[in-house]
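Visitor: The structure under discussion is supplied below as structure tokens; questions concerning it will follow.
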Amino acid sequence: MKLSWKTIMLWSLPFLVIGFFLWQGFLTPNSAELNNNVASSRMTYGRFLEYLDMGWIKKVDLYDNGHTAIVEALGPELGNRVQKIRVELPASAPELVTKLRKAQIDIDAHPSKNNNAVFNLLGNLFFPLLFIGGLAILFRRSNNNAGGPGQAMSFGKSKALFQMEAKTGVVFNDVAGVDEAKEEFQEVVTFLKEPDSFTAVGAKIPKGVLLVGPPGTGKTLLAKAIAGEANVPFFSISGSEFVEMFVGVGASRVRDLFKKAKENAPCIVFIDEIDAVGRQRGTGIGGGNDEREQTLNQLLTEMDGFEGNTGIIVIAATNRADILDSALLRPGRFDRQVTVDVPDLNGRLAILKVHARNKKMDQQISINTIARRTPGFSGADLANLLNEAAILTARRRKDAITIAEVDASIDRVVAGMEGTPLVNSKSKRLIAYHEVGHALIGTLLSEHDPVQKVTLIPRGQARGLTWFIPNEDQSLISRGQIKARIMGALGGRAAEEIVFGNTEVTTGASNDLQQVTSMARQMVTRFGMSNIGPLSLESEDSNPFLGRGMNSGNEYSDEIAIKIDQQVQQIVTECHKQVLEMIEDNRVVIDKLVDILIEKETIDGEQLESIIAEYTNIPKKQEYIKQF
1 MKLSWKTIML WSLPFLVIGF FLWQGFLTPN SAELNNNVAS SRMTYGRFLE
51 YLDMGWIKKV DLYDNGHTAI VEALGPELGN RVQKIRVELP ASAPELVTKL
101 RKAQIDIDAH PSKNNNAVFN LLGNLFFPLL FIGGLAILFR RSNNNAGGPG
151 QAMSFGKSKA LFQMEAKTGV VFNDVAGVDE AKEEFQEVVT FLKEPDSFTA
201 VGAKIPKGVL LVGPPGTGKT LLAKAIAGEA NVPFFSISGS EFVEMFVGVG
251 ASRVRDLFKK AKENAPCIVF IDEIDAVGRQ RGTGIGGGND EREQTLNQLL
301 TEMDGFEGNT GIIVIAATNR ADILDSALLR PGRFDRQVTV DVPDLNGRLA
351 ILKVHARNKK MDQQISINTI ARRTPGFSGA DLANLLNEAA ILTARRRKDA
401 ITIAEVDASI DRVVAGMEGT PLVNSKSKRL IAYHEVGHAL IGTLLSEHDP
451 VQKVTLIPRG QARGLTWFIP NEDQSLISRG QIKARIMGAL GGRAAEEIVF
501 GNTEVTTGAS NDLQQVTSMA RQMVTRFGMS NIGPLSLESE DSNPFLGRGM
551 NSGNEYSDEI AIKIDQQVQQ IVTECHKQVL EMIEDNRVVI DKLVDILIEK
601 ETIDGEQLES IIAEYTNIPK KQEYIKQF
């Protein structure tokens, strides 16, 4: 590796500094001889003159160009014996030599060996210049590493990570569960590889594509796969890295990013979490000229200022497309929006197969069963699930991942770490009745999700858990399904009231009541499922940041607000009444289930249904997914 003179100078700087100080020590006149002529004590110049007048000075040795003297003196203070004493002499004392000669005192001058003026000049000028020059080179190199010289501390330089295809290491085969998105992006890859086939018929590739979806669904991985498939440079940066506390820095970084992109076209620019910089203008208490909005304005200008077919494609990812500025979403900037949602059953199956490649799985494990057990899991959740199962397998010193580890990992991912088991006490029995209440109501309602299992093993903040298997399609939920969920959530509190009485109900239902209230209020204000009528009474400006709706009140009158509260209370009261009746009618089976649950601590859904079926009819539901 060839080293530049700047690098050599930087590495040599510490040694030069140390050498300079050593050299300065050698330049000190007569330092070694002066140290060898050790004086036992020191004396002031005035006291030295008094000794001279008294005739107590015997000999004087002058050092350091006459600035230091080692005198041999005797006197009462010195015990009347000759001692060597060090005296610092003033800079100009011509009369001293005259007085010493008159007193006939032996004078011995020791001249400096290195008193050349050239050495003094080098000592005074060389080191400061060397030190300042080294700092300048170091500062310049730090600026170049951060994006180039020319701006103090490189605040205005883009922090985009520049990656070539070989470094991304991701292709479409590594991305599973998003087949629709991959088909959409295949056009982008083809354009980057063969742009002539599009330009020949007058087609223009979209300048920007916005990936929208919840966290962990593979948006960033998909962007890397596009760059890997097209074999083009890949710039990646987070939206939050554009904005700093200094005004103008964000806009400067945007300009610098697109300057680099144009120099490396065709390429892909990926902006993750673009909502950090692309939120609607005019919101927030910072006004219309704050740093974030200047950055957004510059981003809009750069995206709309491309020359024809420059080969730069901007891909951005967000999970809050609703708060992005409308100018950012118009054609010519982000022409397309691609939704990357949580995978369905087939998507989860494909993702699990990808992440299970390097895992040693037991032959009895069915990937299809795991996929059916994990509705609502994102790609990141599934990867974490198998990783947790592998960690648990190693902790238990097993050779392969078994069904037990996968089941425990699902519980951990969803609910948290396993806590200390409950002891046999009144609290354990109360929690058992609470969880059985949830499970019973969920089983007896045809529109409720089926029960997967009931357990008294604590996880996270929960002392007991009832697991339900949600429907694959959550896009459309009927009024009956919402009411069934409300009733299922009220089952725990209702069981406590029936079995232990109103005075013994606990705070264990606090989270259930929050969900109940939220679902009932949405039925009234959002879905139009109440006697108020088919009205949407939710404010459209209910964004999680201040601004447009800051001073605006509700869009309905106080009379409507009272009716909303009345309807919410009516829905919850009616559901609560029905749940109490169902608990009372099935008290015998509840008691039996509680005894079994306390003994085994876990009851799976199949066993739960078989016990309940001995006492009452169970409505038919969707196909049941058997517990491991």
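Residue numbers are given in UniProt numbering: position 399 of the sequence shown equals residue 399, and the series is strictly consecutive.
The beta-carbon is built from N, C-alpha and C at its ideal position, and this holds for glycine as well.
Since the structure is predicted, the reported quantities are computational estimates derived from the model, not experimental observations.
1. Mind the definition here: the stretch 363-382 touches the stretch 325-339 only if three or more C-beta pairs lie below 8 angstroms; say whether that holds.
2. Between the Cα of L74 and the Cα atoms of Y51, G66, L62, T68, which residue gives the shortest distance?
3. Judging by CA-CA distance, which residue of M487, D591, R348, E559 is the nearest neighbour of I571?
4. Would you kindly check if the distance between the Cβ of V82 and the Cβ of M43 is under 9 angstroms?
5. Secondary structure at F527, three-state DSSP: helix, strand or coil?
6. Give me, in chain order, the residues of the same chain whose beta-carbon lies closer than 8 angstroms to that of L345; leave out the 5 immediate sequence neighbours on both sides.
7. Any chance the stretch 419-434 sits against the stretch 382-391, with 3 or more Cβ pairs inside 8 angstroms?
8. Tell me whether the beta-carbon of D108 lies closer than 9 angstroms to the beta-carbon of D64.
9. Using 9 angstroms as the threshold, is the C-beta distance between V454 and L465 below it?
10. How long is the line joining the alpha carbons of S197 and V170, rounded to whole angstroms?
11. Closest to residue 655 by CA distance: which of T295, N502, I441 is it?
12. Near N80, which residues of its chain fall below 7 angstroms by C-beta distance, leaving aside the five closest residues on each side in sequence?
13. Would you list the one or two residues that DSSP bridges to residue 672?
14. Could you pull out every residue in the same chain whose Cβ sits closer than 7 angstroms to the Cβ of K359, ignoring the five residues on either side in sequence?
15. Which of helix, strand or coil does DSSP assign to E418?
16. What is the rounded straight-line gap between the Cα of S475 and the Cα of H448?
17. Please tell me whether A380 and P215 are closer than 9 angstroms, where the distance is taken between their beta carbons.
18. With burial defined as no fewer than 16 other Cβ atoms inside 10 Å of the residue's Cβ, what is the status of I132: buried or exposed?
19. Please identify the residue among V188, K592, M519, A432 whose C-alpha is closest to the C-alpha of A203.
20. According to DSSP, is A462 part of a helix, a strand, or is it coil?
21. Return the bridge partner residues of T339 from the DSSP annotation.
22. Compare the C-beta of K621 with all C-beta atoms of chain B and state if any pair is closer than 9 angstroms.
23. Indicate the three-state DSSP secondary structure (helix, strand or coil) for Y63 in the structure shown.
24. Report back the beta-carbon spacing between I494 and V423 to the nearest angstrom; my notes put them in contact at under 8 angstroms.
25. Hey, could you find the ends of the alpha helix (DSSP H) T199 is sitting in?
26. In the DSSP output, which residue or residues are listed as bridge partners for V188?
27. If you draw a straight line from the alpha carbon of residue 632 to that of A227, how long is it in whole angstroms?
28. Using the beta-carbon count (16 or more within 10 Å), is T573 buried or exposed?
29. What's the gap between the Cα of residue 704 and the Cα of E273?
30. For the stretch 308-322 against the stretch 255-268, do three or more pairs of beta-carbon atoms, one drawn from each stretch, fall closer than 8 angstroms, so that the two count as touching?
31. Pull up the distance between the alpha-carbon of P331 and that of D325, whole angstroms please.
32. Would you call A200 buried or exposed, if buried means 16 or more other Cβ atoms sit within 10 Å of its Cβ?
33. Which of the three DSSP states, helix, strand or coil, is assigned to S409?
34. With the cut-off set at 9 angstroms, would you say L257 and A230 are in Cβ contact?
35. In three-state terms, what does DSSP make of N518?
36. Of the choices K600, T602, N617, whose alpha-carbon is the least far from that of V589?
Guide: Walking through what the data contain:
1. no
2. Nearest C-alpha to L74: Y51.
3. M487
4. no
5. coil
6. A371, R372, P375, E472
7. no
8. no
9. Yes, the Cβ-Cβ distance between V454 and L465 is below 9 angstroms.
10. 25 angstroms
11. No answer is possible for residue 655: it lies beyond the span of the chain, which begins at 1 and ends at 628.
12. By the criterion of a C-beta distance shorter than 7 angstroms, N80 is surrounded in its chain by L74, once the five residues flanking it on both sides are discounted.
13. For residue 672 there is no data in the structure shown, the boundaries of the chain being 1 and 628.
14. The residues L386, A390, I401, in chain order, have a CB closer than 7 angstroms to that of K359 in the same chain once the five nearest residues on each side in sequence are set aside.
15. strand
16. 16 angstroms
17. yes
18. exposed
19. V188
20. strand
21. Beta-bridge pairing by DSSP links T339 to V212.
22. The displayed structure is made up of one protein chain only, and chain B is not part of it.
23. strand
24. Looking at the sequence itself, residue 494 is Ala, so the reference to Ile does not match. Actually they do not touch by this definition, with Cβ atoms about 26 angstroms apart.
25. 196-199
26. Answer by DSSP bridge pairing: none, since V188 is not bridged.
27. A query on residue 632 cannot be resolved here, the shown segment of the chain reaching from 1 to 628 and no further.
28. exposed
29. Outside the displayed range of the chain (1 to 628) lies residue 704, so it cannot be described from this structure.
30. yes
31. About 13 angstroms.
32. With fewer than 16 other Cβ atoms within 10 Å, it is exposed.
33. helix
34. no
35. One detail in the question is off: residue 518 reads as Ser in this sequence, not Asn. Helix.
36. N617
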